[in-house]
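Engineer: Quick one: structure below, then a few questions.
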């Protein structure tokens, strides 16, 4: 079963994402910000990343940019799950290497369907 890294500085959002993904049969590891996520991703391989954009220490776009630089994460699907819906933020996210963009509040079915699609 694929393992997903869920990154969000909001514990309630992390719990909601985890609950949704675990309910669909995925293994989930949580991280509290981009730096925490980067450390975890370097010590364990994840099949997919779901990350917030606006976080302290390291934001989601910087995190994705850093993770894309790692050889074993060049092709890993990375989804932004954020309240940000501005076109320029989406462009910045895509440029950093984001695979997709989901706006909060998210629909659990939509999240699962998107994940199934990008995991093939």
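Residue numbers (the working numbering): -18 to 101.
Cβ coordinates follow ideal geometry from the N, Cα and C atoms, glycine included.
#1: Where residue -18 and residue -11 are concerned, what is the direct C-alpha to C-alpha distance, given to the nearest angstrom?
#2: Let me know if residue 0 comes out buried or exposed under the rule of 16 or more other beta-carbons within 10 Å of its beta-carbon.
#3: Quick check: residue 75 and residue 51, are their CB atoms within less than 8 Å of each other?
#4: Does the stretch 9 to 28 come close enough to the stretch 59 to 72 that 3 or more CB-CB pairs lie under 8 Å?
#5: Please tell me whether residue 18 and residue 60 are closer than 8 Å, where the distance is taken between their beta carbons.
#6: What are the partner residues of residue 11, as DSSP defines its beta bridges?
#7: Apart from the five residues on each side of it in sequence, which residues of its chain come closer than 7 Å, Cβ to Cβ, to residue 68?
#8: Tell me the DSSP secondary structure of residue 133 in three-state form.
#9: What are the start and end residues of each continuous alpha helix (DSSP H) run of 4 or more residues lying completely inside the stretch 42 to 90, in chain order?
Structural biologist: Quick look at the numbers:
#1: Per the coordinates, the alpha-carbon of residue -18 lies some 22 Å from the alpha-carbon of residue -11.
#2: Per the 10 Å Cβ criterion, exposed.
#3: Result no, Cβ atoms of residue 75 and residue 51 do not sit closer than 8 Å.
#4: Counting Cβ pairs under 8 Å, fewer than three are found: no touch.
#5: It is not a contact, given that the beta carbons lie outside the stated cut-off.
#6: DSSP lists -13 as partners of residue 11.
#7: Closer than 7 Å at the Cβ level, and outside the excluded window around residue 68, lies no residue.
#8: This structure cannot settle anything about residue 133, because the visible part of the chain is limited to -18 through 101.
#9: 68 to 77, all fully within the stretch 42 to 90.
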